[in-house]
Amino acid sequence: MKFNRESKRVRNKEQFDRLITPHINRLYKALCAYTSNATAAEDILQECLISVFENMHTLKEESKAFAWAYRIAINAANDYFKRYPAHLEFKEEALQGGPDGLGVEQRADLVRTLKKLDEDERQIIILRDVLGYSYAEIAEMLKLTSTNVGVRLNRARERLRQLMRQGGYFNGGEEKN
Amino acid sequence: MNCSAINEKLYDYIEGNLEKEEECFIAQHLKTCAACKQHYEEKYRMLSSLKRYGETLPDTTIDAELLFKMTEEKSVKKKSSLKRVASYAAVFVLGIMIPLIALMLGGANSDLLYDQGNYESMSSQNNSAKGQDNPREESGEQTDRITGLSQVYAPEKIIYNMNMDLQVENYAKARDDVVEYAVFNGGYIENEDKNNYSNNGVNYYYGYFVIRIPAENYEQFCLQMEDVGTVTNSSAYAANITQEYIDAEANVEQLNVQRDRLLKLYDQAETVSDLIEIESELTRLNTQIVQWENMLKDYDRDVAHSTVTLNISEATSSQLHVTNPFKGLGARIKLALVKSVNGFLDSVGFLFVGLFYVLPFVILAFVIVLIVRRRRKNKVMK
Ligand SMILES: [Zn+2]
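From first to last, the protein sequence lines are chains A and B.
Each number in the numbering used here comes from the position in the first sequence (counting from 1) with 186 added on.
Each number in the numbering used here comes from the position in the second sequence (counting from 1) with 1033 added on.
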């Protein structure tokens, strides 16, 4: 009995190191964007990694490990905010950008507007436009077809643009690029 | 291609997903069509903002290796905590059974009310008797049960705030009155600001006070302000922070558990790099714990001390005559309502929990009464 448990742990560890470890930072960034709270994202990532590790043997296709871990992370996040609704608040200091990032106000505006989207819309925008995943990757993560991703992404982008326009996001100082 | 067809392709255009030919066509169109150009600019700005936001998201500091060392610790700990729960359960069952047996021996014909009324004294007798054997352990057990009850029924955490505008005849006198009332009620002036203006050659003073009053005297203090001057405006609000408070407490507890786990790891660490890693993690945890604990302290202070904000102004002689006996009535009613609703919730909550607490005894006593009655009936039958 004990031997079984130990060997399962060893096997899980091997798979985890190979399939998940290289993606931990990507998972974290996705959680940061999804929660807009870097501290909460860290807690959630921790819970997510433990759960991924313990369920490693249930993963069927190794090629889909990242998409699978991503779904576990999103579940962990939703679960976390059910337990600590107070942490849903946007923590500005937690998302300070680097020197070439957006201005603080612009970033706060953007995050607030993103929060107005439905969960599905927000996820797809974050995956495509914030984190730059391909349609095929997103399709796997959200369990959709590639065409479906295109359609939904378009809808979400238009919704976000409306919200940004209502919030006066485009009125601010014209930036030249 | 017309404008709406072009609009649909703008995102692909920006992302560079189109064929060369289509791309040139749209680029040409954008030079001439202002409507499409505006759409293009909005979409471009939106996508570039999102992209830059993504580029500046922070990196994680979590180390998976360390995390798994911690979970291994956790799985070992789980077993021992199971044992602990079992031992608590055993003690608890004993704690119920002994008074019950005492009850059965003491008076089998007792009715339900009698059972409830005497449970309290019975169990304390029982505890003091056992206490002679092992006073330390027993007192620990007793407080455990008491805190257990208070956790099920935690008192509501409510912060009371009041804003009041006062019109007075003489500022200096009013100020003295306010300070006197504040001190009388055990409170203090947190902030004060005095100004003046002149009207028809006469100087008038006005000022602003933030006063902290112990919550139990808050209502009284607010009513006393009507003796200081005429209340021209007042608004009260009560913020219930119970949930936030419980969450903060839970966070502290969770962080402390993590810290204990790390401290244990620290003792077992074999390499220097492990030690350094654990140490930096410990520092991070400690900072977080201090932050949450400070927040709890702030909460405690705000719950214990209500905040009254007073705006006091000297009235010009023409203003003085228009006093209204009903002014301030709203505040009084609001105050009374908030207090009584809370009082009501308090008592209902306590009753409810109390009910569950005595329920097992009531049921058992009921069964005993039934058995005794049946026995008597059997005797009569014989
Ligand atoms: Zn056009």
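Glycine included, each C-beta is placed from N, C-alpha and C at the ideal position.
Taking a Cβ-Cβ threshold of 8 Å, the residues of chain A close to residue 1095 of chain B are 210, 214, 228, 231, 232, 235, in chain order. With fewer than 16 other CB atoms across the displayed protein chains lying within 10 angstroms of its CB, residue 1232 of chain B is exposed. At a beta-carbon threshold of 7 Å, the residues of chain B lying near residue 207 of chain A are 1097, ordered along the chain.
The Cβ atoms of residue 311 of chain A and residue 349 of chain A do not sit closer than 8 Å to each other. Straight through space, the alpha carbons of residue 300 of chain A and residue 1220 of chain B are spaced by roughly 45 Å. Put simply, the CB of residue 1292 of chain B is far from chain A, with every gap to its CB atoms at 8 Å or more. Neighbourhood of residue 1226 of chain B in chain A, by CB distance below 8 Å: empty, with the nearest CB roughly 30 Å away.
According to the DSSP assignment, residue 1226 of chain B belongs to the beta strand (DSSP E) that extends over 1221-1232. Not one heavy atom of ligand 1 is found less than 7 Å from the C-beta of residue 1038 of chain B. Collapsing the DSSP output to three states places residue 210 of chain A in a helix.
With the rule of 3 Cβ pairs closer than 8 Å, the segment 1319-1326 of chain B does not count as touching the segment 1234-1246 of chain B.
Taking a Cβ-Cβ cut-off of 9 Å, residue 1188 of chain B has no neighbours in chain A, whose nearest Cβ is about 20 Å from it. From the beta-carbon of residue 351 of chain A, the residues of chain B found nearer than 8 Å are 1075. The closest heavy atom of ligand 1 lies 7 Å or more from the beta carbon of residue 342 of chain A. Residues of the segment 250-270 of chain A with a Cβ closer than 7 Å to any Cβ of chain B, in chain order: 270. Judged by their CB atoms, residue 353 of chain A and residue 295 of chain A are nearer to each other than the 8 Å cut-off. Judged by DSSP in its simplified three-state form, residue 330 of chain A adopts coil rather than helix or strand. Distances from the CA of residue 1093 of chain B to each of A:355, A:209, A:240, A:263 were compared; the closest alpha carbon is that of A:209.
Taking the Cβ of residue 1060 of chain B as the reference point, every heavy atom of ligand 1 lies at 7 Å or farther away.
With respect to the 8 Å criterion, residue 253 of chain A and residue 231 of chain A are not classified as neighbours on the basis of their beta carbons. With fewer than 16 other Cβ atoms inside 10 Å of its own Cβ, residue 1260 of chain B counts as exposed. In this structure, residue 1097 of chain B has its beta carbon at no less than 7 Å from each heavy atom of ligand 1.
Listed in chain order, the beta strand (DSSP E) elements of length 3 or more contained wholly in the segment 292-327 of chain A amount to none.
From the listed residues A:229, A:255, A:298, A:266, the smallest Cα separation to residue 329 of chain A is found for A:255. If one requires a minimum length of 4 residues, the alpha helix (DSSP H) runs lying completely within the segment 231-277 of chain A are 251-269, in chain order. A Cβ-Cβ contact shorter than 8 Å links residue 1069 of chain B with residue 1036 of chain B. In the DSSP annotation of this structure, residue 1242 of chain B is not part of any alpha helix (DSSP H); the continuous beta strand (DSSP E) holding it starts and ends at 1235-1247.
For the set A:215, A:340, A:325, the Cα lying nearest the Cα of residue 263 of chain A is the one of A:215.
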